[in-house]
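Working notes for the structure below.
Given below as structure tokens:
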């Protein structure tokens with residue numbers, strides 16, 4: 001799996017869009033970008049994944065740069081329940097490695 | 001569709017004992033992975049099973065073992081428990097992790113406390 005780099009923490013005002021960046025400059029051509037989040041004391045929750053096209057589902061949007069070296073997870077209207085640690089993973093073919101993620105704090 | 005089920009939810013053991021944790025994957029998922037999560041080390045990969053075979057293994061001592069049954073259910077065992085084994089143990093299932101386009105779906109874990 002490719003190494004990923006995320007900011008350790010971010011704040012977002014409730015109701016605003018939360019944009020979480022991830023750098024994966026060593027990603028190979030057939031590796032997917034996955035996003036998960038973990039709310040305290042629960043197992044990580046799958047959010048979205050993509051290969052090279054932008055993706056959207058009911059939870060979030062994923063924007064992947066054309067060179068695939070970075071991506072952004074967008075929560076369009078953040079709520080207090082979106083406060084969690086967000087993990088960006090690049091790869092998934094072998095053992096999946098989680099970094100420290102980004103702790104997103106949604107502020108009322 | 002039912003999610004990933006892990007039992008028990010909480011467990012307290014003493015040093016030297018052994019423990020078995022159970023995981024039932026989402027129906028149709030054939031790959032099961034196990035992770036250990038501690039405040040200091042984060043989420044660390046233990047091993048992954050597919051079709052009853054261990055396909056990948058993380059850097060954990062041999063005291064940590066697992067198996068997968070023909071119905072894809074999985075168990076992990078930790079023998080000779082140490083205080084440092086206290087952690088949240090998470091199980092994740094996917095259709096087939098090796099396909100690359102197969103997200104992991106996690107259970108809520110088993111919280112193991114070793115005293």
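Residue numbers (my numbering), protein chains in the order written: chain A, 1 to 108; chain B, 1 to 115. Ideal placement from N, C-alpha and C gives every residue a C-beta, glycine not left out.
List the residues of chain B that residue i touches, going by C-beta distances under 7 Å, in chain order.
i	result
residue 44 of chain A	106
residue 100 of chain A	42
Using only CA atoms, which one of the options lies nearest to residue i?
i	options	result
residue 24 of chain B	B:34, B:5, B:36 and B:30	B:5
residue 81 of chain B	B:13, B:27, B:50 and B:59	B:13
residue 71 of chain A	A:98, A:45, A:99 and A:27	A:27
residue 56 of chain B	B:97, B:28, B:102 and B:22	B:97
residue 32 of chain A	B:99, B:109, B:110 and B:112	B:99
Please check if any C-beta of chain C sits within less than 8 Å of the C-beta of residue i.
i	result
residue 49 of chain A	The chain labelled as chain C is not found among the protein chains of the depicted structure, namely A and B.
Are the beta-carbon atoms belonging to residue i and residue j less than 8 Å from one another?
i	j	result
residue 89 of chain A	residue 4 of chain A	yes
residue 80 of chain A	residue 18 of chain A	no
residue 75 of chain B	residue 7 of chain B	no
residue 43 of chain A	residue 69 of chain B	no
residue 114 of chain B	residue 15 of chain B	yes
residue 96 of chain A	residue 90 of chain B	no
residue 18 of chain B	residue 77 of chain B	yes
residue 95 of chain B	residue 3 of chain B	no
Look at the alpha carbon of residue i and the alpha carbon of residue j, and state the distance between them as a whole number of angstroms.
i	j	result
residue 38 of chain B	residue 85 of chain B	9 Å
residue 40 of chain B	residue 76 of chain A	32 Å
residue 73 of chain B	residue 51 of chain B	10 Å
residue 63 of chain B	residue 10 of chain B	20 Å
residue 6 of chain A	residue 23 of chain A	7 Å
residue 1 of chain B	residue 26 of chain B	7 Å
residue 58 of chain A	residue 49 of chain A	13 Å
residue 67 of chain A	residue 43 of chain B	28 Å
residue 98 of chain A	residue 48 of chain B	15 Å
residue 62 of chain A	residue 56 of chain A	6 Å
residue 16 of chain A	residue 46 of chain A	22 Å
residue 66 of chain B	residue 29 of chain A	32 Å
For my contact list, residue i and residue j are in at a C-beta cut-off of 8 Å; report their separation, rounded to the angstrom.
i	j	result
residue 60 of chain B	residue 46 of chain B	6 Å
residue 92 of chain B	residue 33 of chain B	5 Å
residue 38 of chain A	residue 106 of chain A	About 15 Å; that fails the 8 Å criterion.
residue 20 of chain A	residue 102 of chain A	5 Å
residue 25 of chain A	residue 69 of chain A	4 Å
So with CB distances below 9 Å, who are the chain B contacts of residue i?
i	result
residue 109 of chain A	Since the first and last residues shown for chain A are 1 and 108, residue 109 of chain A lies out of range.
residue 34 of chain A	103 and 104
Could you tell me if the beta carbon of residue i falls within a distance shorter than 7 Å of some heavy atom in the ligand ADP?
i	result
residue 59 of chain B	With respect to the ligand ADP, the structure offers nothing, as it holds no ligand at all.
Residues of chain A with CB under 9 Å from residue i, in chain order?
i	result
residue 11 of chain B	Residues of chain A passing the Cβ test: none, with the nearest at roughly 15 Å.
So which residues on chain A does residue i lean against when the C-beta distance must stay under 7 Å?
i	result
residue 90 of chain B	43
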